[in-house]
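Contents: one structure, followed by commentary.
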Amino acid sequence: MSDNQATLNDGGKTITMPIKSGTIGPDVIDIRKLYAETGKFTYDPGFTSTASCDSALTYIDGDEGVLLHRGYPIGQLAEHSSFMEVSYLLLNGELPSSDELSQFSRTITRHTMLHEQLMTFYRGFRRDAHPMAVMCGVVGALSAFYHDSTDISDPVQRMIASHRLIAKMPTIAAMAYKYSVGQPFIYPDNSLSYTGNFLRMTFGVPAEPYVVNPVVERALDRIFILHADHEQNASTSTVRLAGSSGANPFACIAAGIACLWGPAHGGANEAALNMLREIGTPDRIPHYIARAKDKNDPFRLMGFGHRVYKNYDPRATVMQQTVREVFASLNVTDPLFETALQLEEIALNDPYFVEKKLFPNVDFYSGIILSAIGFPTAMFTALFALARTVGWVAQWNEMISDPGQKIGRPRQLYTGPAQRDYLPVDKR
Ligand code: ACO
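In the numbering used here, the protein residues as written are 902 to 1329.
Here's what the structure looks like:
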């Protein structure tokens, strides 16, 4: 490999491929001409060695446990910023001035209501439907209501669709919750913050005023910041792939929600709390550690391990601090937090987890806070989807604005039968 190109020896023929450098992070070998020159594809199931796009949004150094949004470390954003500010940053590239932030917040606030007819959709679901099932359906249906923001070639329409999605997600998620518990939907109150409004729509009832607890509001806002974007993860790649065909943004985000739902991805926060409940008390930890290490047992420690982080997930650090703050200010505690802390300590000292570089990820502690705030477990992934929507729309916008953008179309290593002739049914 030379300074700016890599060479590949393919059966005696030497192929050179350019090496591209980003601002930070690993260089990439540009293999786009490989098939034309060799007739061969690369093979990388799970994309462990593949960069699928250029992106200026989010940077992760998994070995060092670094996460930057537009260059700003996640710890600084979580401590000093707000979800609205981070949303502006992700969408526009720079932190907003005070006027820009007020204007952006006002714009988002103006889009918080749902079309009244869209609300009748909820009644078609069973009351015990998972909120993520409802989110997939209702978000996908947005494209049937907001026709004036589905022309993806128009940057103004793209931005309006992005604002709508960010603004309507809390309303959609809160209504999914309200429907599941049989309470009336609560309309948005635009005098509240983005997160305060969501809390009121979720936990308020028409019979009495709802007072937003500022500590809970701040903690949830921070959780939203921690989930806002995370580079080319599975759901973001899903949104990009869906969008690469020219699909409208509402359909693309519905696809992202579907992908996020899986327990190996966004569903892990729900699975992690369920696991902690199953473990129960610290004395049962060794049994579960042994199960996690047993190759013949499919059990995994949920909230542990990450495709990119081979160090402590920086979001898990903030999340652990936030649990302590919320517990202190609400004057509550949860024995599962003690179990989680001990599980973490035992795992971090166990050679199996050390050698495989398995550390707590963002989902390990988030369920404990969300549960303390009062969210049922089934809502956890819906909250993740709400927050990740800003990352999804920012990544989608970045992709559509890229003049070199092409439809995403991977190839394969075919392992099925070679061509054969059809036999009529009586001859088989
Ligand atoms: N518990 C026990 N063993 C684990 C765990 C775990 N949580 N995670 C990985 N391993 C082991 C695997 O068994 C494998 O062992 P092997 O090499 O002996 O076969 C090795 O570590 C590597 O695991 P892979 O699954 O190959 O790693 P991959 O990068 O594909 O998976 C993933 C990452 C899906 C996150 C995995 O660590 C996992 O399933 N964790 C639990 C689910 C979870 O918490 N997901 C949330 C991720 S964060 C997010 O989406 C917001």
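Here a beta-carbon is modelled for each residue, glycine too, at the ideal position from N, C-alpha and C.
query: Whose C-alpha, out of T1013, K1258, I1247, H970, is nearest the C-alpha of H1188?
result: Among T1013, K1258, I1247, H970, the Cα nearest to that of H1188 belongs to I1247.
- prompt: How about A1169 and G1147: are their beta carbons less than 8 Å apart?
  reply: It is not a contact, given that the beta carbons lie outside the stated cut-off.
task: Assign S903 to buried or exposed, taking buried as 16 or more other Cβ atoms, counted over all protein chains shown, within 10 Å of its Cβ.
output: Unreliable placement is indicated for S903, whose pLDDT of 46 sits below 50; no coordinate value is reported for it.
task: Express the C-alpha separation of C1160 and G1105 in angstroms, rounding to a whole number.
output: Going by the C-alpha atoms only, they are around 30 Å apart.
query: Nearest-angstrom Cα distance between D928 and T1234?
result: In this structure, the CA atom of D928 is about 46 Å from the CA atom of T1234.
- prompt: L1284 by DSSP, collapsed to three states: which one?
  reply: Looking at L1284 - three-state DSSP - the assignment turns out to be helix.
query: Beta carbon of M918: closer than 7 Å to some heavy atom of ligand 3?
result: Ligands present in the displayed structure are limited to ligand 1, and ligand 3 is not among them.
- prompt: Which term fits D1184, buried or exposed, when burial requires 16 or more other beta carbons within 10 angstroms of its beta carbon?
  reply: Using a 10 angstroms sphere on the CB of D1184, the tally of other CB atoms stays under 16, which defines it as exposed.
- request: Tell me, to the nearest whole angstrom, how far the beta carbon of S1063 is from that of N1298; I am working on the premise that it is less than 8 Å.
  value: Between S1063 and N1298 a beta carbon distance of about 6 Å is seen, short of the 8 Å cut, so the two are scored as contacting.
- prompt: Are the CB atoms of V1040 and I1158 nearer to each other than 8 Å?
  reply: A contact, by the Cβ cut-off of 8 Å.
Delimiting residues of the alpha helix (DSSP H) encompassing P877: Outside the displayed range of the chain (902 to 1329) lies residue 877, so it cannot be described from this structure.
- request: Taking N993 as part of the alpha helix (DSSP H), name the residues at either end of that continuous run.
  value: Here the alpha helix (DSSP H) through N993 covers 984–993.
task: Would you check whether ligand 1 has a heavy atom nearer than 7 Å to the C-beta of H1166?
output: Within the cutoff, so yes.
message: Given the structure, does M1176 come close to ligand 1, in the sense that its CB is under 7 Å from one of the ligand's heavy atoms?
response: Taking non-hydrogen atoms of ligand 1 into account, the C-beta of M1176 is found less than 7 Å away from none of them.
message: Less than 7 Å separating the Cβ of K1211 from some heavy atom of ligand 1?
response: Checking every heavy atom of ligand 1 against the Cβ of K1211, none is found closer than 7 Å.
N- and C-terminal bounds of the beta strand (DSSP E) containing L968: Where L968 is concerned, the enclosing beta strand (DSSP E) stretches over 967–970.
task: Report yes if the C-beta of A1169 is less than 7 Å from at least one heavy atom of ligand 1; otherwise report no.
output: Under cutoff, so the answer is yes.
message: For M1102 and T1072, which I take to be in contact (beta-carbon distance under 8 Å), what is that distance rounded to the nearest angstrom?
response: Sure, about 6 Å apart at Cβ, within 8 Å.
task: Report yes if the C-beta distance between L1287 and A979 is below 8 Å; otherwise report no.
output: No, the pair does not count as a contact, with Cβ atoms beyond the cut-off.
query: Cα separation between L909 and G940?
result: So the alpha carbons of these two residues sit roughly 13 Å apart.
message: Per DSSP, what are the beta-bridge partners of M1102 in this structure?
response: Partner(s): none; M1102 has no beta bridge.
field: Chain-order list of residues whose beta-carbon lies under 6 Å from that of L968 (same chain, five-residue window excluded)
entry: Excluding positions up to five away in sequence, the list reads I961, I975, P1215.
message: Just checking A933 against ligand 1 - is the residue's beta carbon closer than 7 Å to any of the ligand's heavy atoms?
response: Sequence check: residue 933 is Arg here, not Ala. Not under cutoff, so the answer is no.
- prompt: Should A1217 and S988 be called a contact, given that it needs their Cβ atoms to be closer than 8 Å?
  reply: Inclusion of A1217 and S988 in the CB contact set at 8 Å is not warranted, their separation being larger than that value.
Length of the line joining the Cα atoms of F1265 and V1227: Their backbone Cα atoms lie some 16 Å apart in a straight line.
A1120 classed as buried or exposed, judged by whether at least 16 other C-beta atoms fall within 10 angstroms: It counts as buried.
- prompt: From K1079 to N1098, what distance separates their C-alpha atoms?
  reply: Approximately 14 Å between the Cα atoms of the pair.
query: Do the CB positions of M1020 and F942 come within less than 8 Å of each other?
result: When the beta-carbon positions are compared, M1020 and F942 stay at least 8 Å from each other.
query: Does DSSP put Y1210 in a helix, a strand or coil?
result: Y1210 falls in the coil class under three-state DSSP.
task: Please name the residue or residues paired with T1021 in a DSSP beta bridge.
output: T1021 is not bridged to any residue.
- prompt: Looking at G1268 and T1282, is the spacing between their C-beta atoms short of 8 Å?
  reply: Their beta carbons are not under 8 Å apart, which means T1282 does not touch G1268 by this criterion.
message: Would F984 and T1096 be called neighbours here (beta carbons separated by less than 8 Å)?
response: Going by C-beta atoms, F984 is nearer than 8 Å to T1096.
message: Quick check on the DSSP output: the alpha helix (DSSP H) that includes T951 runs from which residue to which?
response: For T951, there is no enclosing alpha helix (DSSP H), since its DSSP letter is neither H nor E.
query: Do the CB positions of I1124 and T1290 come within less than 8 Å of each other?
result: Taking 8 Å as the cut-off, the Cβ atoms of I1124 and T1290 do not count as close.
- prompt: Are there 16 or more other CB atoms within 10 angstroms of the CB of P1261, so buried, or fewer, so exposed?
  reply: Buried, by the Cβ-count rule.
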